[in-house]
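If you're matching positions, the sequence shown starts at 88 in the numbering used here and goes up one per residue.
Where a beta carbon is used, it is the ideal one built from N, C-alpha and C, also for glycine.
These numbers come from a predicted model, not from an experiment.
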Amino acid sequence: MSKCAHRLVAQTQCPKCKQQMCVECFANSVKENMKCPSCQADLTVAYILDLCSKDAILSSHSLKIQMSSKSIQGVRKRGSIIINPDFSKIPEFSKLPESPRGDIKTKSVLSSNSDVTIFVDENSYRPDPHHAIFENPDSPEFITYTKEKGWDFKIIQTATLEKMVEVITRPSMEDPYFAECLVFGYPTVTTKEELLSVLMKRFNPAIPDKMGWDDFLKSYLAPIRMKVMGFVRSWVKWRFIDFEDVDMRSNLETLVSMYEAFKPKMARFMREFIDKQDAKFQQKNLSSTTNSDAKVKVVGELKRVKDLEEVHPLFCYSVRDVARHITVVQFELFRKIPVEELLSQCWMKKDNKTLTPNIVAMIQMTNKISYLVQNMILSFEKLSHRIFAVEYFVRVAEVLKQVHNFDGFKAVVAALDSSAVFRLKDTREGLSEEVKRLLDEFNGLVNYESNFKKLRDITAVCEAPVIPFLGSTLGDLVFTKENEKSENGQLKLINFFRVRTYGSMLKEIVMKQDAAFEFGQSPEVHAVLEKIQIIDNEDQLFQLSTKLETPRSGEASKEEKKKISKARDVADKLWKKSNSYFRKTLIGGLISLK
């Protein structure tokens, strides 16, 4: 923080790295980048709450000093403001009764996170008329908790909607991740209108019994409002489409206006953030309605092994270039899938092309890749060419795995393990030992019996950009969404643990959609792939396979082994041409791509 130009006395520390730093530097970094300026840890606006030292927060006794106009002017000169919030100007509070504590004339102060000190007139404060809905006890009738491995605190299992909102906005709330998941998962249990309405009611809580005004302001009201606004900020960031509705946008503006009476500077930042997200959302919509493909990065002319064109034009290109092209094509489809289609779960219905067109487009592309690989392999009458083709696509699959395109990886491996290709015994026996080992490894990763557990585990630890296997992702969403409500006495408690899990999955998908690959697609590879005639009928492909290699049981005869050996030699010569041209290292029949 040696580069700080603010020269402020007020210091704070990052809650993650504990580094002491300038309040202004920390606040600006969190508001603009949602990161600590020192350790770059991810933070939310809620962390800005207690930035000033305790000495900066004045007690109520200090405020009882005679505050002449001169002293007030002195405060203003130091960059502070005095506010007497008039909630009567806000529609929701215009007809509220007089404060039960209206006889108290003192004012209280709350130090802001930067250069603003806010004076709040206690006489003007009005609790929300519905505040009682947040005052139910933490009994099993209203909420239950659970624990999860890896977390040191209680996690909400089931609760009423109002109790859930009350708990996640408590000053002592220890599970910030739940609020982030709720932004994505709430549509499974409530409506956007109801959720925003409950948040607005929570914004002005009643003063707890035996709590003084200053304690209420500092340790109760301020943290609650900050957490409400922190959640709303995350909501606006990740689900701005919810606020395209006129009524939702109007209520959002009302909430910000309520916040403005308390923290004008933070409210201004909030409005700027909303405008920024609005512009971003509109630009995204414009791109989706125009020719967005024109903005996709395109690579220049690729190197080609012309000697392999007589086998097939696709083999002229390196496996890396083909895998990268497939990845970019799939990613452009993957990133277009909106959360609304995932939430609807309509991809299983008859009219899925109308209800979930983007999910269907992604599924169709995955199937197309799988059928393309099968058709390519089965198009060669020569055994040597089939051996080379299988090995070529094994290498393509490895690159897809290396670049974290697990959907494309699954599609290629599924093609290599299809009935029409798997039954080609002569072809499989002609593969190099290294390729055979890789095939076994890849088939183990995509094993359906374990519900793709190994593939899930690899995907979970990979850094972005990533394209997850869409099939298992959609299956998880269907499984998790079942039965979100739990009977508990006379109330129906919402299963928020499922909402948390569901929202977490949706958030991971959205985050993966936002991280693009650095490489682009190739017009040359695209042209070659489009010329390949694709048969998408399993029976026809199987019949084609039996014509290439007649069924045999047991080991190959001496003559068959001799034929396979010769074909292996020819395949090696083809790889030698390819490897020498692309200057790669041949290890056990596999190109080293590192």
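Inter-residue spacing [alpha-carbon to alpha-carbon] between aspartate 362 and leucine 282: Numbered from its first residue, the sequence shown carries residue 362 at position 275. Numbered from its first residue, the sequence shown carries residue 282 at position 195. Approximately 22 Å between the Cα atoms of the pair.
Inter-residue Cα distance where the pair is glutamate 419 and leucine 339: Counting from one through the sequence shown, the residue named residue 419 turns up at place 332. Counting from one through the sequence shown, the residue named residue 339 turns up at place 252. If you take the alpha carbons of glutamate 419 and leucine 339, they lie about 32 Å apart.
Counterpart residues of glutamine 608 in DSSP-defined beta bridges: Counted from its first residue, the sequence shown places residue 608 at position 521. Per DSSP, Val385.
Span separating the alpha-carbon of aspartate 626 from that of tryptophan 325: Here residue 626 refers to the residue found at position 539 of the sequence shown. Here residue 325 refers to the residue found at position 238 of the sequence shown. Their backbone Cα atoms lie some 45 Å apart in a straight line.
CA-to-CA distance, isoleucine 242 to alanine 219, given in whole angstroms: As a first step, residue 219 is located in the sequence shown; it is residue number 132 there, counting from the start. As a first step, residue 242 is located in the sequence shown; it is residue number 155 there, counting from the start. If I take the Cα positions, the gap works out to 24 Å.
Proximity test, Cβ basis, 8 Å: proline 555 and chain B: This model lacks chain B altogether, as it is built from one protein chain only.
Whole-angstrom distance between alanine 507 and glutamine 630, CA atom to CA atom: Walking along the sequence shown from the start, residue 630 turns up at place 543. Walking along the sequence shown from the start, residue 507 turns up at place 420. Whole-angstrom Cα-Cα distance: 8 Å.
Cβ-based burial, arginine 639 [other Cβ within 10 Å; buried from 16]: Within the sequence shown, residue 639 is the residue found at index 552, counting from 1. The residue in question, arginine 639, is exposed, as its Cβ has fewer than 16 Cβ neighbours within 10 Å.
Straight-line Cα distance separating phenylalanine 496 from valine 416: Looking up residue 416 in the sequence shown gives position 329. Looking up residue 496 in the sequence shown gives position 409. When rounded, the distance between both Cα atoms is 14 Å.
Buried versus exposed call for glycine 161 [16 or more other C-beta atoms within 10 Å across all chains shown]: Start at 1 with the first residue of the sequence shown, and residue 161 comes out as number 74. Its pLDDT being 38, under 50, glycine 161 is placed unreliably in this model, and the coordinates cannot settle the point.
Close beta carbons around phenylalanine 475, own chain, < 6 Å, minus the five adjacent residues each side: Start at 1 with the first residue of the sequence shown, and residue 475 comes out as number 388. Cβ neighbours of phenylalanine 475 beyond the five flanking positions: Ala658, Leu661.
Distance, isoleucine 581 Cα to aspartate 225 Cα: As a first step, residue 225 is located in the sequence shown; it is residue number 138 there, counting from the start. As a first step, residue 581 is located in the sequence shown; it is residue number 494 there, counting from the start. If I take the Cα positions, the gap works out to 15 Å.
Residues near aspartate 271 in its chain [Cβ-Cβ closer than 6 Å; skip 5 each side]: For the purposes of this step, residue 271 is identified with residue 184 of the sequence shown, where counting begins at 1. Here residue 271 is phenylalanine; the residue named in the question, aspartate, does not match the sequence. Within the same chain, phenylalanine 271 has close Cβ partners Gly590, Leu593, Lys594.
Neighbour-count burial assignment, alanine 309, 16 or more Cβ in a 10 Å radius: Start at 1 with the first residue of the sequence shown, and residue 309 comes out as number 222. Classification of alanine 309: buried, given that the 10 Å Cβ count is 16 or more.
Spatial neighbours of lysine 664 in its chain, beta-carbon cut-off 7 Å, leaving aside the 5 residues before and after: On the sequence shown, position 577 is the one that residue 664 refers to. Cβ neighbours of lysine 664 beyond the five flanking positions: Val392, Asp394, Leu395.
Secondary structure of methionine 108, DSSP reduced to three states: Numbered from its first residue, the sequence shown carries residue 108 at position 21. Strand, per DSSP.
C-alpha distance - glutamine 106 paired with methionine 121, whole-angstrom precision: Here residue 106 refers to the residue found at position 19 of the sequence shown. Here residue 121 refers to the residue found at position 34 of the sequence shown. Using only the alpha carbons, I get a separation of about 16 Å.
Segment contact flag, the segment 334-349 with the segment 245-252, C-beta cutoff 8 Å, min 3 pairs: no
Tyrosine 668 in three-state terms, based on DSSP: To locate residue 668, count along the sequence shown from 1; it is residue 581. Three-state result, tyrosine 668: helix.
The alpha helix (DSSP H) enclosing isoleucine 596, as first and last residue numbers: For the purposes of this step, residue 596 is taken as the residue at position 509 of the sequence shown. 583-601 is the extent of the alpha helix (DSSP H) around isoleucine 596.
Counterpart residues of isoleucine 311 in DSSP-defined beta bridges: Translated into positions along the sequence shown, residue 311 becomes position 224. None; isoleucine 311 has no bridge partner.
When Gln432, Gln608, Lys512, Val490 are compared against threonine 546, the one with the closest alpha-carbon: Here the question's residue 546 lines up with position 459 in the sequence shown. Out of Gln432, Gln608, Lys512, Val490, Val490 has the C-alpha closest to the C-alpha of threonine 546.
Buried or exposed (CB count within 10 angstroms, at least 16 for buried), alanine 551: Position 464 of the sequence shown, counted from the first residue, corresponds to residue 551. Result: exposed.
Under the three-state DSSP convention, the category leucine 511 falls into: Stepping through the sequence shown from its first residue, residue 511 is reached at position 424. In the structure shown, leucine 511 sits in coil (DSSP, three-state: anything other than H, G, I, E or B).
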